[in-house]
Every structure is written in structure tokens, then in C-alpha cells.
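Undergrad:
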Amino acid sequence: MKNNLTRKSTPRVALLIESSRSYGRELLMGIASYVRIHGPWSIEFEEGDPGEQLPKWFGRWQWDGIIARVSTPSMAKVLARTGVPVVDLSGNLPDTDFPRIRSDEMAVGTMAAEHLMERGFQNFAFCGYNGADWSDLRRTSFQRRISEAGFSCQAFENHEPLPSVSNLHYEEHSERHERDLMAWLQSLPKPCGLMACNDARGRQVLNCCREAGVAVPDEVAVIGVDKDEVFCELSDIPLSSVILNTQRIGFEAAGLLTLMMAGGSAASPSIMVKPMGVMARQSTDVLAIDDRHIAAALRHIREHACDGLDVESLLKIVPLSRSVLERRFSQIIGRPPKAEILRIRLDRVCRLLAESELSLAEVAEKAGFDHPEYMSRLFKKKMGITPGKFRRNSGSGGFPSR
Numbered sequence: 001m002k003n004n005l006t007r008k009s010t011p012r013v014a015l016l017i018e019s020s021r022s023y024g025r026e027l028l029m030g031i032a033s034y035v036r037i038h039g040p041w042s043i044e045f046e047e048g049d050p051g052e053q054l055p056k057w058f059g060r061w062q063w064d065g066i067i068a069r070v071s072t073p074s075m076a077k078v079l080a081r082t083g084v085p086v087v088d089l090s091g092n093l094p095d096t097d098f099p100r101i102r103s104d105e106m107a108v109g110t111m112a113a114e115h116l117m118e119r120g121f122q123n124f125a126f127c128g129y130n131g132a133d134w135s136d137l138r139r140t141s142f143q144r145r146i147s148e149a150g151f152s153c154q155a156f157e158n159h160e161p162l163p164s165v166s167n168l169h170y171e172e173h174s175e176r177h178e179r180d181l182m183a184w185l186q187s188l189p190k191p192c193g194l195m196a197c198n199d200a201r202g203r204q205v206l207n208c209c210r211e212a213g214v215a216v217p218d219e220v221a222v223i224g225v226d227k228d229e230v231f232c233e234l235s236d237i238p239l240s241s242v243i244l245n246t247q248r249i250g251f252e253a254a255g256l257l258t259l260m261m262a263g264g265s266a267a268s269p270s271i272m273v274k275p276m277g278v279m280a281r282q283s284t285d286v287l288a289i290d291d292r293h294i295a296a297a298l299r300h301i302r303e304h305a306c307d308g309l310d311v312e313s314l315l316k317i318v319p320l321s322r323s324v325l326e327r328r329f330s331q332i333i334g335r336p337p338k339a340e341i342l343r344i345r346l347d348r349v350c351r352l353l354a355e356s357e358l359s360l361a362e363v364a365e366k367a368g369f370d371h372p373e374y375m376s377r378l379f380k381k382k383m384g385i386t387p388g389k390f391r392r393n394s395g396s397g398g399f400p401s402r
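Each residue of the sequence shown is one higher than the one before, counting from 1 in the numbering used here.
1. Do residue 121 and residue 419 count as a contact pair if the criterion is CB distance below 8 Å?
2. Hey, out of 85, 92, 196, 67, whose CA is closest to residue 73's CA?
3. Does the distance from the CB of residue 157 to the CB of residue 130 come in under 8 Å?
4. Could you check which residue in 290, 136, 253, 281 has the C-alpha nearest to that of residue 403?
5. Looking only at its chain, what residues have a beta carbon closer than 6 Å to the beta carbon of residue 389, apart from the 5 residues adjacent to it on each side?
6. Is it the case that the Cβ atoms of residue 28 and residue 68 are separated by a distance below 8 Å?
7. With which residues is residue 65 paired in a DSSP beta bridge?
8. Which one of 183, 110, 126 has the shortest CA to CA distance from residue 148?
9. What are the boundary residues of the alpha helix (DSSP H) that residue 350 is part of?
10. Return the chain-ordered list of same chain residues with a C-beta closer than 6 Å to the C-beta of residue 242, the five sequence neighbours on each side being excluded.
11. Provide the residue span of the beta strand (DSSP E) that contains residue 194, from first to last.
12. Would DSSP call residue 26 helix, strand or coil?
13. Using the three-state DSSP reduction, which class does residue 47 fall into: helix, strand or coil?
14. If you check the beta carbons only, do residue 139 and residue 125 fall under 8 Å apart?
15. What number of angstroms, rounded off, separates the C-alpha of residue 134 from the C-alpha of residue 128?
16. Span of the beta strand (DSSP E) holding residue 222?
17. Find the nearest neighbour of residue 264 within the set 39, 84, 60, judged by alpha-carbon distance.
18. My guess is that residue 333 and residue 305 are in contact by the Cβ rule of under 8 Å, so how many angstroms apart are they, rounded?
19. Would you report the Cα separation of residue 259 and residue 189, rounded to the nearest angstrom?
20. Within its chain, find whatever has a CB closer than 6 Å to the CB of residue 116; leave out the 5 residues flanking it on each side and keep chain order.
21. Could you check what DSSP says for residue 328 in three-state terms: helix, strand or coil?
22. Within 10 angstroms of the Cβ of residue 56, are there 16 or more other Cβ atoms? Answer buried if so, exposed if not.
23. With DSSP as the reference, label residue 272 as helix, strand or coil.
24. Given residue 347, which residues of its chain have a CB within under 7 Å of its CB, disregarding the five upstream and five downstream residues?
25. DSSP puts residue 88 in a beta bridge; with which residues?
26. Less than 8 Å separating the beta-carbons of residue 253 and residue 89?
27. On the criterion of 16 or more Cβ atoms from any shown chain inside 10 Å, does residue 30 qualify as buried, or is it exposed?
28. According to DSSP, is residue 124 helix, strand or coil?
29. Check each candidate in 199, 210, 245, 215 and name the one with the smallest Cα separation from residue 223.
30. Classify residue 10 as buried or exposed, calling it buried when 16 or more other Cβ atoms lie within 10 Å of its own Cβ.
31. Can you name the start and end residues of the alpha helix (DSSP H) that residue 155 belongs to?
32. I need the DSSP call for residue 237, collapsed to helix, strand or coil.
33. Alpha carbon to alpha carbon, what distance is there between residue 231 and residue 296?
34. Residue 114: which of 317, 150, 312, 95 sits nearest, CA to CA?
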């Protein structure tokens, strides 16, 4: 099939992206943001889940480009036969020739592990969808980070359907094993920090904890992935979640497809987009620390780090000398109190940059920094990019023009 850009000004693009979950909807929003700036495109997409069968409308049109979450070998063959540029947003089939843009799954697992370790856990577990590429990668990186810290991690093992089905099928299949999941949750050493591969799985874990009489977060703290507001807020206990930069993935995919429709090619066969941070909610709001003085200091830091807190202030709430506090704090948390205060402040900066239109001076004030210049220097040193670039990458205020 020949590319039609030479005979018409508006490219016709098919979007084969499941839209019943927040991940797919955020991808579509990122694509829409790009098209608003660089369009127009003539777009067709299927509401809900296209699944393994392509929509009936797919064969009616001659496409200039396709953005898809390629889920099966048969789907990949059909898309390849069209002869038009295809950008894959799933990565489930690494042997295809389609360029891929996806979340940096290794960074996702690492971020979840560090969130739980910061709360003092020494027992860890992972619950995912075995055989799903993205879930397996998150599990691998989660277990690797836990192992690097000297701990071990248990994983829920059960037989899943073949990985050539849609993600919704994983959710449906996993419901058949909830009794096994409840027994596994009861068997975990407590207290335990658990990562679920996504928020749908996380909500299922929370439901099974309730049915099994496992207290959350005191016995098992749970973190998911996606920041799906419906799953996170409608769970029995609001679910903490790793925030993916999903709109950025959609935006970049649209930009890459534009390049390919104009005859260009992808600079890399696979592009990874790093997650933005963690949305902490009640499901991980706990400190699994036996040392009550260090637990008190850490909780005070969590509550007041952005209020001008310093290490001297901590000495007023715990009966410890500075040297003892710093030594015991570092042994348990993995960093000294001052570093933890700065980490909390920078987390606050990230959230304000991503979710608000506040000026840098206002962000600095709300995050506990006296000077925005110092905040910016520290942010770039720790994050590798300037606050302004972080804000643009996060999508606040719109995506940057190419």
C-alpha cells in the first residue's frame, strides 16, 4: 500500500489502542496533544478494547500511518502487510520490525522498590501477570533493586494465559486464582512491602487482603502502577501508585509517526520513557521500623520537610545526639536525615512542577527552599535536567513543539 501524503494534505491514521483503562486513555490524550499542535490528522480509533480482532472499520480505509499496541503475532502480520508506517506502544512482541515507544519498565520497578524500602520494610513481594512482557520486566527490576539492598522478594506464581492476548484478558483470568492469591498473601512474612504490576492488580490484591484478614498497610503495604484514579480511589484503601509519563509516550509516538510518514525512520528501534514519580496514598502510609526514635524522626520529616525543617529540629523530638541519630538513621533508611529531607523536598518540587502552573519561585517556597536558584541547581544535580525541562516533559502547560 502506498503512502498517500503526496496526494492529500491530511494523513489518515488508525489508532489501535485500548481505551477502557487509564493507560490507553492517557496515550490517546498525548496523541491528541500532538495533533492539536502539528495536525490536522484524520483519525479513527475503537472505543474500548480492540482485542485480537482488528475493528471492522480497519479494512475500509487506506491508511497513511498506524499507532497500535501490537498484542499478537497475527495482528503484527496484518499491520506489516499494510505497507504503511506503524509505531508500536506495547513492546509485547520484541521480534517485530516496528519501532516501539514504551515506559521504562526497569525504572518503574526500581522506583516502586525504593518507595517501599524508604518505609523501612525488609520483607518484599511482587504480584503481576506472569508472561506479560511489561509485568515481567517490572518484576525483574523490582527484585533486582531489593536484592541490591540485601533483601529477598517473593513473587506470586500462577499460570496465566498466553501472552498473546490483551491486558484485559489477564485481569479476567487472574480473578479465577483469587483463592490462591489470598492464601499466598496470608503466608507472606510480615510486615511486607508488595508491588503490584499495575493498579488493576493492586486493587485485586487489596480486595484479597480484606477477604483474607490481612491488614493494609500495617501487615502488607501495596503499591501499583499507572495512577489510575478510578482503581486507586475506589479501592477499599486508596492505592499508592507509580506515575507513568503516558501522555509523553503518546505525544512522542505521534511525532515519530509524522517523521515516518514523511519518509524518515526511527533513530532507535526502542524508545523508553521514564516514570514521573510515586503518588503516595494510604496503602503505603506506614513505617515498618522497630527503632521507635528513628520512626518518629522519619515521620516528622515526612510531615514537615517542606516547612523549613533541618536536622537540629529533629534533635528536639528524639532523645538522641546528632551523631547517634545520623548513624542509626543511615543504617535503617540508607541515607542520613539531611538527605532524606532534601529527597522529600525534591519529590514535592516534582509534583508541583507536574501538576501546577506555579512559578519556580512559588514552587521553591512551597517545597521549603529559601531561594529558587538553589532549588534549580540542586534539582538539576539530582534529576539530571532543569525544572523547566522536567515540567515540559511532564506535560504541565502542554507539550513542547518539535
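We treat Cβ as the ideally placed atom computed from N, Cα and C, and that holds for glycine.
This structure is a prediction, so every number in the text was calculated from the model and none was measured.
TA: The answer reads as follows:
1. Residue 419 lies beyond the residue range present for the chain, which begins at 1 and ends at 402; the question has no answer from this structure.
2. The candidate whose alpha carbon is nearest that of residue 73 is 92.
3. Contact flag set, yes.
4. The requested residue 403 is not part of the displayed model; the chain covers only 1 to 402.
5. If the five residues before and after residue 389 are omitted, its C-beta is found closer than 6 Å to no C-beta atom of its own chain.
6. In this structure, residue 68 does not lie closer than 8 Å to residue 28 by Cβ.
7. Note: residue 65 is bridge-paired with 13 in the DSSP secondary-structure output.
8. Nearest option by C-alpha distance: 110.
9. 337-355 is the extent of the alpha helix (DSSP H) around residue 350.
10. Result list for residue 242: 108, 111, 112, 225, 275, 278, in chain order.
11. 192-196 is the extent of the beta strand (DSSP E) around residue 194.
12. In the three-state scheme derived from DSSP, where H, G and I count as helix and E and B as strand, residue 26 is classed as helix.
13. It is coil, neither helix nor strand.
14. Going by C-beta atoms, residue 139 is not nearer than 8 Å to residue 125.
15. Using only the alpha carbons, I get a separation of about 10 Å.
16. Its beta strand (DSSP E) spans residues 220-225.
17. Cα-wise, what sits closest to residue 264 is 84.
18. Cβ-Cβ separation between residue 333 and residue 305: approximately 13 Å, too far for a contact (criterion under 8 Å).
19. Computed Cα separation, rounded: 52 Å.
20. Result list for residue 116: 193, in chain order.
21. Assigned with DSSP and collapsed to three states, residue 328 falls in helix.
22. Flag for residue 56 reads exposed.
23. Note: residue 272 maps to strand in three-state DSSP.
24. Only 277 meet the Cβ criterion.
25. DSSP output for residue 88 lists 68, 100 as bridge partner(s).
26. Less than 8 Å divides the Cβ of residue 253 from the Cβ of residue 89.
27. Buried is the label assigned to residue 30, since at least 16 other Cβ atoms lie within 10 Å of its Cβ.
28. In this structure, residue 124 counts as strand in the three-state DSSP scheme.
29. Selected option, being the one with the closest Cα: 199.
30. Residue 10 comes out exposed.
31. Taken as a continuous stretch (DSSP letters only), residue 155 belongs to no alpha helix (DSSP H), being part of the beta strand (DSSP E) at 153-155.
32. It is coil, neither helix nor strand.
33. Approximately 31 Å between the Cα atoms of the pair.
34. Closest in alpha carbon position to residue 114, among 317, 150, 312, 95, is 150.
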